Amino acid sequence: MKIRSKTGKRRAKATLLALSAIAFTLTGTHAPNAWGQTPEPQQLKKTQQNWRVLLNSIPTLKPSSTISKRPVRLDGRELFQVALIAPGRVESIQDNLRQAVKRDAIPPNLNVTVELDLQTQQPVIEVNGQYLLTVTNADAPQGIAPLIQAKEWQQVIEDALLEAHLERQQDILQQRALLAASISLGMLLGSWQVSRLQRRLKAQQARIKTQTPPPLEEVLPAPADPATNPSQNTATEPEPIVVLHKKITHQQQHNLNDIKQRLLQVAQLAIWGGGTYLNLGLFPYSRWLQPLIVSALKLPLRLLVVGSIVYVIIRLSAVLIDRLFATLEDGARLDQDASRRLALRFSTFSVVFKSVIWAGSVSVGILVGLAVIGIDIGPILAGAGIIGLAVSFASQSLIKDTINGFLILLEDQYAVGDVIVVGDVGGLVEYMNLRITQLRNGEGRLITIPNSAISIVQNLSKDWARVDLTVDLAYHTNVDEALAVIKTLADQLYNDPEWNDKIIEAPEVLGIDEIDHAGILVRIWIKVKPLQHWSVAREFRRRLKQTFDRAGIAIGAPQQALLFRNSLDLRDGHNGKNRQGATREESFDSIN
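Per the working numbering: the sequence shown = residues 3 to 594.
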């Protein structure tokens, strides 16, 4: 018990002595001085003595990785790191180094020595007999004696003082000034060249925008497209496959141009930032700003680099995906219809793959950004499974959308550029991904449908289409003559060079499908290429009307027969006699 009490008293005395020394040092080292004024020799000597007393009063410390360290700098260059065993220690060592430089300690007068303190047996480094610092056990790495560490620092300090004195010579400053002027001139020339390239790319981007191909809905008419001018020659409309190729090429050019512009912006920033940083490092009077700039911009620059890499990956992957599908399409030697269908599928897959890569790149970029900030992403990744399970329950409809969207693409139910009908809505497929499908109808309305809501879909443009045309003839029409006229007209349309490339097979006049009060119903089938049934049907109706007018064939009209049986009982109001008319029957035909 007595041994413990004595040990506790010794620790208390050591702690009290250390606190007293710290207070004594703070009161001695914070005496007011004018800015840039060199302390008087007596005051400087008193400060050094205070630090000796402080460090000698601290008990011998064992090396520990838990003690924080800070770098000691001279003219902005890091020399070594010391342990923060006392407040203001780093600042005091740096002040002593600056004072050594101001005293013009040049060879052969420069003398950096290491002495062993008799009280604490710790090495002390001095410059020309002036105290610089005491090397403690906390300063030395584990396994290295403080004396060995002091010998290493002795050489480092000597080299740093020699270099600091050399950099302050007049001829060296003049050489550095010329070098700084050369760097500044290079910055101006480089910035001017980058600006020229930026203006050129902006002009190229403007030309790309003016050459934008027409939207698909202008090339592929929607089901509800209103009637157009019958005399309009629809055979001159651009082919959808050509428009798709132009659209992919235009998108590639846009992405490449955008990547180049962003890289030039980064180059502009690197030119001015790097040049300024180099100029600051040329002079000992401004080099101290370099570590401040690095510490202030370290985190923003890392985040900027991460964001730039993610952006370049997204843009570059879009270009590579477009080129990959274009190469696959060119390599597949198919007929025109199969090639068109393949182009539609590749265009759809391209959009989906781009969206998947975008989501993956952004997710990885966020995780890397959190790691750069200093947030431990290990627990985040470990809890991703639990979070994913919770999200899966909360977003079951989203999962259904994704699965159904994948099946739609896999089974080729429809693609971008197809005309489909889903339930009560229909239109041109303008955009689709794994979650939604967007249609543009004939009125220009954009209809968004979740993929999970698509169970039955009618594709009006896959592989081929058919004109299902019905004509009502008057009841008294000569049927054989009318069928012959319709057959002749259908053959003329099929043999017309302007319409033959749109019609796959010769039209079929199926004959009479129905006879009713409206007349005789005749059905005609015309098998055409995808999305051509509207234009072919319009042209056939126009020619059919002109042919019927010349042949005198009437169009059927609804007929209705009415039968009346009336009994008239008239009473004379003057003489009270009854006048009863005979019952009559009337029948007539009414043509509506």
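Cβ atoms here follow ideal geometry from the backbone N, Cα and C, with glycine treated the same way. Remember, predicted model here, so these are calculated numbers, not experimental data.
field: Cβ separation of GLN156 and VAL114, assumed to be a contact under 8 Å, to the nearest whole Å
entry: As a working note, residue 156 is residue 154 in the sequence shown. As a working note, residue 114 is residue 112 in the sequence shown. Contact between GLN156 and VAL114 holds: their C-beta atoms lie close to 5 Å from each other, under 8 Å.
message: For GLY419, list the residues DSSP reports as bridge partners.
response: Residue numbering aside, residue 419 sits at position 417 when the sequence shown is read from its first letter. Residue pairing by DSSP leaves GLY419 without any beta bridge partner.
query: Does the separation of the CB atoms of ASN453 and ARG437 fall below 8 Å?
result: In the sequence shown, residue 453 corresponds to position 451, counting from 1. In the sequence shown, residue 437 corresponds to position 435, counting from 1. It is a contact, given that the beta carbons lie within the stated cut-off.
- prompt: Nearest to GLY276 by CA position, among ASP77, GLY188, VAL314, is which residue?
  reply: As a working mapping, residue 276 is identified with position 274 in the sequence shown. Closest option to GLY276, judged by alpha-carbon separation, among ASP77, GLY188, VAL314: GLY188.
VAL129 versus ILE95 - alpha carbon distance: As a first step, residue 129 must be located in the sequence shown, where it is residue number 127. As a first step, residue 95 must be located in the sequence shown, where it is residue number 93. Approximately 12 Å between the Cα atoms of the pair.
Run of the alpha helix (DSSP H) containing PRO73, from where it starts to where it stops: Residue 73 sits at position 71 when you count from the first residue of the sequence shown. Per DSSP, PRO73 is not a residue of any alpha helix (DSSP H); the beta strand (DSSP E) it occupies stretches across 71–76.
query: If you count every other CB in all the chains shown that lies within 10 Å of the CB of HIS519, and 16 or more means buried, which is it?
result: The residue labelled residue 519 in the question sits at position 517 within the sequence shown. Burial is judged here by how many other beta carbons sit within 10 angstroms of a residue's own beta carbon; HIS519 has fewer than 16 and is exposed.
message: On the criterion of 16 or more Cβ atoms from any shown chain inside 10 Å, does LYS504 qualify as buried, or is it exposed?
response: To locate residue 504, count along the sequence shown from 1; it is residue 502. Under this definition LYS504 is a buried residue.
query: If you draw a straight line from the alpha carbon of LEU495 to that of LEU411, how long is it in whole angstroms?
result: Taking the first residue of the sequence shown as 1, we reach residue 495 at position 493. Taking the first residue of the sequence shown as 1, we reach residue 411 at position 409. Going by the C-alpha atoms only, they are around 37 Å apart.
message: Measuring only the C-alpha atoms, how far is LEU135 from GLN171?
response: Counting from 1 along the sequence shown, the entry for residue 135 is found at position 133. Counting from 1 along the sequence shown, the entry for residue 171 is found at position 169. The alpha-carbon separation between LEU135 and GLN171 amounts to approximately 27 Å.
- prompt: What number of angstroms, rounded off, separates the C-alpha of ARG304 from the C-alpha of VAL364?
  reply: Along the sequence shown, read from residue 1 onward, the residue named residue 304 stands at position 302. Along the sequence shown, read from residue 1 onward, the residue named residue 364 stands at position 362. Cα to Cα, ARG304 sits roughly 16 Å from VAL364.
message: Using the Cβ count rule (16 or more neighbours within 10 Å means buried), how would you classify ALA492?
response: Numbered from 1 along the sequence shown, position 490 holds the residue referred to as residue 492. By the Cβ-count criterion, ALA492 is buried, with 16 or more other Cβ atoms from all chains shown falling within 10 Å of its own Cβ.
task: Give every residue of the same chain whose Cβ lies closer than 8 Å to the Cβ of TRP360, excluding the five residues on either side of it in the sequence, and list them in chain order.
output: Sequence index remark: in the sequence shown, residue 360 carries index 358 (1-based). ILE316, listed in sequence order.
field: Alpha-carbon to alpha-carbon, GLN398 and ASP474
entry: Numbered from 1 along the sequence shown, position 472 holds the residue referred to as residue 474. Numbered from 1 along the sequence shown, position 396 holds the residue referred to as residue 398. When the Cα atoms are used, ASP474 and GLN398 turn out to be separated by approximately 52 Å.
- prompt: Going by alpha carbons, who is nearest to TYR313 out of PRO293, THR350, PHE550, VAL268?
  reply: Here residue 313 is taken as the residue at index 311 of the sequence shown, counted from 1. Of the listed residues, the one whose Cα sits closest to TYR313 is VAL268.
- prompt: Buried or exposed: which applies to SER184, given that a residue is buried once 16 or more other Cβ atoms fall within 10 Å of its Cβ?
  reply: If you number the sequence shown from 1, residue 184 lands on position 182. With a 10 Å radius around the Cβ and a threshold of 16 neighbouring Cβ atoms, SER184 comes out exposed.
- prompt: Which residue or residues does DSSP assign as beta-bridge partners of PRO452?
  reply: Reading the sequence shown from its first residue, position 450 is the one you call residue 452. Beta-bridge partners of PRO452 (DSSP): ILE438.
field: Per-residue burial, THR230 [other beta carbons within 10 Å of its own, 16 or more giving buried]
entry: The residue given as residue 230 occupies position 228 in the sequence shown. For THR230, the predicted structure reports a pLDDT of 37, less than 50, and the residue's modelled location is therefore unreliable. A value from the coordinates is still provided. Under this definition THR230 is an exposed residue.
query: In terms of residue numbering, what span does the alpha helix (DSSP H) encompassing ILE405 cover?
result: The residue you call residue 405 lines up with position 403 of the sequence shown. Looking at the DSSP string, the run of the alpha helix (DSSP H) that includes ILE405 is 398–413.
Residue from LEU430, ILE261, ILE522 with nearest C-alpha to ILE451: Translated into positions along the sequence shown, residue 451 becomes position 449. Closest by C-alpha distance to ILE451, out of LEU430, ILE261, ILE522, is LEU430.
- prompt: Would DSSP call GLY367 helix, strand or coil?
  reply: The residue you call residue 367 lines up with position 365 of the sequence shown. If DSSP states are grouped into helix, strand and coil, GLY367 belongs with the helices.
- prompt: Anyone know if the C-beta pair for PRO286 and ASP77 falls short of 8 Å?
  reply: As a working mapping, residue 286 is identified with position 284 in the sequence shown. As a working mapping, residue 77 is identified with position 75 in the sequence shown. Yes, the Cβ-Cβ distance between PRO286 and ASP77 is below 8 Å.
message: Using a 10 Å radius around the Cβ and a threshold of 16 neighbouring Cβ atoms, would you call ARG447 buried or exposed?
response: As a working mapping, residue 447 is identified with position 445 in the sequence shown. Under this definition ARG447 is an exposed residue.
message: What does the alpha-carbon distance come out to for the pair ILE311 and ASP426?
response: By one-based count along the sequence shown, residue 311 stands at place 309. By one-based count along the sequence shown, residue 426 stands at place 424. Answer to the nearest angstrom: the Cα atoms are 45 Å apart.
- prompt: Under 8 Å between the Cβ atoms of LEU266 and LEU199?
  reply: Here the question's residue 266 lines up with position 264 in the sequence shown. Here the question's residue 199 lines up with position 197 in the sequence shown. It is a contact, given that the beta carbons lie within the stated cut-off.
- prompt: According to the Cβ coordinates, are ILE488 and ILE526 closer than 8 Å?
  reply: Here residue 488 refers to the residue found at position 486 of the sequence shown. Here residue 526 refers to the residue found at position 524 of the sequence shown. In this structure, ILE526 lies closer than 8 Å to ILE488 by Cβ.
- prompt: By how many angstroms is the C-alpha of GLY428 removed from the C-alpha of PHE351?
  reply: Here residue 351 corresponds to residue number 349 of the sequence shown, with the count starting at 1. Here residue 428 corresponds to residue number 426 of the sequence shown, with the count starting at 1. Cα to Cα, the separation comes out at about 22 Å.
- prompt: DSSP state of TYR477, grouped into three classes?
  reply: For the purposes of this step, residue 477 is taken as the residue at position 475 of the sequence shown. In the displayed model, TYR477 falls within coil according to three-state DSSP, outside both helix and strand.
- request: Would you mind sorting GLN562 into buried or exposed? The rule is 16 or more other CB atoms within 10 Å of its CB.
  value: As a first step, residue 562 must be located in the sequence shown, where it is residue number 560. Classification of GLN562: exposed, given that the 10 Å Cβ count is below 16.
field: Boundaries (first-last residue) of the alpha helix (DSSP H) holding VAL92
entry: Translated into positions along the sequence shown, residue 92 becomes position 90. First-last of the alpha helix (DSSP H) with VAL92: 91–104.
Closest Cα partner of ALA328 within the set ALA320, PHE348, LEU318, GLY309: Position 326 of the sequence shown holds residue 328. If we check each option's Cα against that of ALA328, PHE348 comes out closest.
- prompt: Terminal residues of the continuous alpha helix (DSSP H) containing SER188?
  reply: Within the sequence shown, residue 188 is the residue found at index 186, counting from 1. The amino acid occupying residue 188 in the given sequence is Gly; Ser does not appear at that position. Its alpha helix (DSSP H) spans residues 172–212.
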